[in-house]
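Written below as structure tokens is the structure these notes are about.
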Amino acid sequence: MKTSNDFEEALMNIEAFCKVLVDKISGVGKSRVKPEPIERLLRKKAVVEVYRGDVEGREPLIDFFEDEKQCKILALMWPLSNNDVVLNSNIDFTEIMIGKCLKIKIPNRAIDTNKIHINNKSWTLEIIIEKTSPLMACIST
Numbered sequence: 287m288k289t290s291n292d293f294e295e296a297l298m299n300i301e302a303f304c305k306v307l308v309d310k311i312s313g314v315g316k317s318r319v320k321p322e323p324i325e326r327l328l329r330k331k332a333v334v335e336v337y338r339g340d341v342e343g344r345e346p347l348i349d350f351f352e353d354e355k356q357c358k359i360l361a362l363m364w365p366l367s368n369n370d371v372v373l374n375s376n377i378d379f380t381e382i383m384i385g386k387c388l389k390i391k392i393p394n395r396a397i398d399t400n401k402i403h404i405n406n407k408s409w410t411l412e413i414i415i416e417k418t419s420p421l422m423a424c425i426s427t
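Going left to right, the sequence shown walks through residues 287 to 427 as the working numbering numbers them.
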């Protein structure tokens, strides 16, 4: 599974590179819209690890969304308590442990681990992590 995630990430990075290259070669991007620097388009995705032995045939459905203001994780999974969600953060990534069988690693992109909202409704788990402003990210590093 990790190989397919790496392959998807590589394809997304190649696609982003080709878009910037085509804009620069064709000159279309010069009209009004300036293409983003390639460094902003290349991103490391979140990594989701499911320990199948503990899931007992009830593998959760997980999706990860990200925009300029927040990261959002949506999961359709068995009911659990808010105490079953544990957050560990270091300089490279933030790790979210959900129960004993699910681990999500999010590369640190100026996320604010003090601003996390957890909505746990029966079979739906929503975790929202606010991002810090770019100015605050520069000050903290």
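Quick reminder that beta carbons are idealized off the backbone N, C-alpha and C, glycines included.
Per DSSP, Asp378 lies in no beta strand (DSSP E) and is assigned neither H nor E. With respect to the C-alpha of Trp364, the residue from Ile348, Asp309, Lys391, Glu354 having the closest C-alpha is Ile348.
Here Leu362 has Pro346, Leu347, Trp409, Thr410 as same chain residues with Cβ atoms under 7 Å from its own Cβ, once five neighbours each way along the sequence are excluded.
Comparing alpha-carbon positions, the option among Cys304, Lys401, Asp309 lying closest to Ser375 turns out to be Lys401. Taking the Cα positions, Val371 is about 39 Å away from Lys305. Note on geometry: alpha-carbon atoms of Ile384 and Asn405 lie some 13 Å from one another. The C-alpha of Lys389 lies about 20 Å from the C-alpha of Ala396. Counting C-beta atoms within 10 angstroms of its own C-beta, Ile359 has 16 or more neighbours from the protein chains shown and is therefore classed as buried.
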